[in-house]
Amino acid sequence: MVFSLSYDRYVDWLEEAFDDLEAAVVLLGAGKWSKACFLSHQAVEKALKALMIKKLGVYKHTHSVKAFLSEITSKIPLPEDLVESAGRLDRHYIPARYPSAWPSLPPHKHYSKREAEEAVEIARRVLEHVRKLVEEDP
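Counting from 119, one number per residue, gives the positions in the sequence shown under this note's numbering.
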């Protein structure tokens, strides 16, 4: 598989982030809470990749929202509450998908509507903030 690391692809990363957020909202409405949490994480991960590509000229291959935030905030100020809440989304990257991450029961039985609502709201706030930063010049 060939990946394009062209630095003008930040637009695609951000568009895909908003598509993931839209899917998370649909899954939340369908009661698929673990999946809504995972896609909220994915939306934020992709949005932060877009921000790093656009503003820092860097593509970082990681799936950790906290790792992205650490690098980004060393150069771009972000609201503290946004950084703190977005960092919590990392907890949904593996446990929301893999039964072996839990001592018993499948992942979807460990998630609640409240958790999914919180994850979607965090993702919505991060994506809106990132969109504003990306649309600024340069």
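Each residue gets a CB set at the ideal place from its N, CA and C atoms; glycine is no exception. None of these values were measured; they are calculated from a predicted model.
Can you tell me where the alpha helix (DSSP H) holding residue i begins and where it ends?
| i | result |
| --- | --- |
| Leu245 | Lys231 to Glu253 |
| His159 | Trp151 to Leu169 |
| Val143 | Tyr128 to Gly147 |
| Lys184 | Val183 to Thr191 |
| Gly205 | Glu198 to Gly205 |
Let's test the definition: count the other Cβ atoms within 10 Å of the Cβ of residue i and tell me whether it reaches 16, buried, or not, exposed.
| i | result |
| --- | --- |
| Lys250 | exposed |
| Ser152 | buried |
| Leu223 | exposed |
By alpha-carbon positions, which one of the options ends up nearest to residue i?
| i | options | result |
| --- | --- | --- |
| Glu189 | Ala142, Glu235 and Leu166 | Leu166 |
| Ala135 | Gly175, Leu207, Leu157 and Ala219 | Leu157 |
| Glu253 | Lys173, His159 and Ser124 | Lys173 |
| Phe293 | Arg206, Glu198 and Glu163 | A question about residue 293 goes unanswered here, because the residues of the chain that appear run from 119 up to 256. |
| Lys231 | Leu145, Ala168 and Glu133 | Leu145 |
Do residue i and residue j have their CB atoms nearer than 7 Å?
| i | j | result |
| --- | --- | --- |
| Pro213 | Ala204 | no |
| Leu139 | Ala168 | no |
| Tyr125 | Ile171 | yes |
| Cys155 | Ala234 | yes |
| Val183 | Asp208 | yes |
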